[in-house]
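K.L.:
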Amino acid sequence: MIRKAQFVVSNTDPTKCPKPDRAEIAFIGRSNVGKSSLINMLTGVKELAKTSQKPGKTQLVNHFMIDDRWYLVDLPGYGFAKVSKDRKEKWEQMISEYLTSRENLCGVFVLIDSRLEPQTIDLEFLNWCGEEDVPFVVAFTKADKQSKSQTDKNVRAFLNKLEDIFGDIPDYFVTSAEKHAGKDQVLSFISELVSEYEAERTN
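When we follow the UniProt record's numbering, the leftmost residue of the sequence shown carries the number 1, and every step to the right adds one.
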């Protein structure tokens, strides 16, 4: 359980992020995948990450301090946001620089809309993460928006695609921000990542 969550800083320059002196867990996904809602659900703070019906709301690397112990990072979405090509390229450069250069990054939750069949843009992003050794885990969102059988079918189809790419299935969670589904499992997984990071730093 998260007891305290507070905003620290927003950045467009990964080199100006907080000092990498504690564990960091990032969240990223296609525009409008429900990232802000999931972050708010996990932290229990309604307006921590600003939710918006308008895709592309998050345009900065946003750091939040959790329980005075680790950083939660809200990253800009990739995909459909209606922005200029120039700005889109700058975002992509900023995101890739952040993901490949933060030595305290212990895990990246890549959010996937469970209502959709596998999307090429998501598979390409995860493939890139694999190539760059970015430590990712998959979180399927909006599981309450359709029947459980439809969610299971879409999740299975996506995992099959990932197995084709990587040879096995990565860690994954099925979540719903509204129903709080997956909350305990995700927080438990994050707690393990943070503890592992801290144990390695003291050795």
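Virtual Cβ for every residue (Gly too), placed ideally from N, Cα, C.
Among H180, A23, M65 and N160, which one has its Cα closest to the Cα of residue 204?
P.N.:
Coverage of the chain is limited to positions 1 through 203, which leaves residue 204 absent and any answer about it impossible.
K.L.:
Only counting the same chain, and skipping five residues up and downstream in sequence, which positions put a Cβ closer than 7 angstroms to that of I169?
P.N.:
Taking the first residue of the sequence shown as 1, we reach residue 169 at position 169. Correct list, in chain order: L159, L162 and E163.
K.L.:
Below 9 angstroms between beta carbons: does that hold for L99 and T141?
P.N.:
Reading the sequence shown from its first residue, position 99 is the one you call residue 99. Reading the sequence shown from its first residue, position 141 is the one you call residue 141. Result no, Cβ atoms of L99 and T141 do not sit closer than 9 angstroms.
K.L.:
In the DSSP output, which residue or residues are listed as bridge partners for N11?
P.N.:
Position 11 of the sequence shown holds residue 11. In DSSP, N11 forms a bridge with V61.
K.L.:
To the nearest angstrom, how far is the alpha carbon of R115 from that of G167?
P.N.:
Within the sequence shown, numbered from 1, the residue matching residue 115 stands at position 115. Within the sequence shown, numbered from 1, the residue matching residue 167 stands at position 167. Their Cα atoms are separated by approximately 24 angstroms.
K.L.:
Quick check on A23: does DSSP put it in helix, strand or coil?
P.N.:
The residue labelled residue 23 in the question sits at position 23 within the sequence shown. DSSP places A23 in coil when its eight states are reduced to three.
K.L.:
Under 8 angstroms by Cβ, that's how I've got L193 and C106 pegged, so tell me the actual separation to the nearest angstrom.
P.N.:
Here residue 193 corresponds to residue number 193 of the sequence shown, with the count starting at 1. Here residue 106 corresponds to residue number 106 of the sequence shown, with the count starting at 1. Sure, about 4 angstroms apart at Cβ, within 8 angstroms.
K.L.:
Going by other Cβ atoms of all chains shown within 10 Å of its Cβ, with 16 needed for buried, is N203 buried or exposed?
P.N.:
Translated into positions along the sequence shown, residue 203 becomes position 203. So N203 counts as exposed.
K.L.:
Report buried or exposed for R30, applying the criterion of at least 16 other Cβ atoms within 10 angstroms of its Cβ.
P.N.:
On the sequence shown, position 30 is the one that residue 30 refers to. It is buried - the Cβ of R30 has at least 16 other Cβ atoms within 10 Å.
K.L.:
Between the segment 33-49 and the segment 64-75, can you find at least three pairs of beta-carbon atoms closer than 8 angstroms?
P.N.:
Touching, yes.
K.L.:
Please classify D133 as buried or exposed, where buried requires at least 16 other C-beta atoms within 10 Å of its C-beta.
P.N.:
The residue given as residue 133 occupies position 133 in the sequence shown. Classification of D133: exposed, given that the 10 Å Cβ count is below 16.
K.L.:
For a test of the three-state rule: what should DSSP assign to I28, helix, strand or coil?
P.N.:
Position 28 of the sequence shown, counting from 1, holds the residue named residue 28. Note: I28 maps to strand in three-state DSSP.
K.L.:
Do F127 and P20 have their C-beta atoms within less than 9 angstroms of each other?
P.N.:
Residue mapping note: residue 127 aligns to position 127 of the sequence shown, counting from 1. Residue mapping note: residue 20 aligns to position 20 of the sequence shown, counting from 1. The question names Phe, but residue 127 in the sequence shown is Asn. No, the Cβ-Cβ distance between N127 and P20 is not below 9 angstroms.
K.L.:
Determine the contact status of F27 and D74, defining contact as a CB-CB distance below 9 angstroms.
P.N.:
Position 27 of the sequence shown, counting from 1, holds the residue named residue 27. Position 74 of the sequence shown, counting from 1, holds the residue named residue 74. Yes; because the gap between Cβ atoms is below 9 angstroms, this pair is in contact.
K.L.:
On the DSSP letters alone, give me the boundaries of the beta strand (DSSP E) that D74 sits inside.
P.N.:
Stepping through the sequence shown from its first residue, residue 74 is reached at position 74. Unbroken beta strand (DSSP E) run through D74: W70 to D74.
K.L.:
Helix, strand or coil, according to DSSP, for T141 in the structure here?
P.N.:
If you number the sequence shown from 1, residue 141 lands on position 141. T141: strand per DSSP, three-state reduction.
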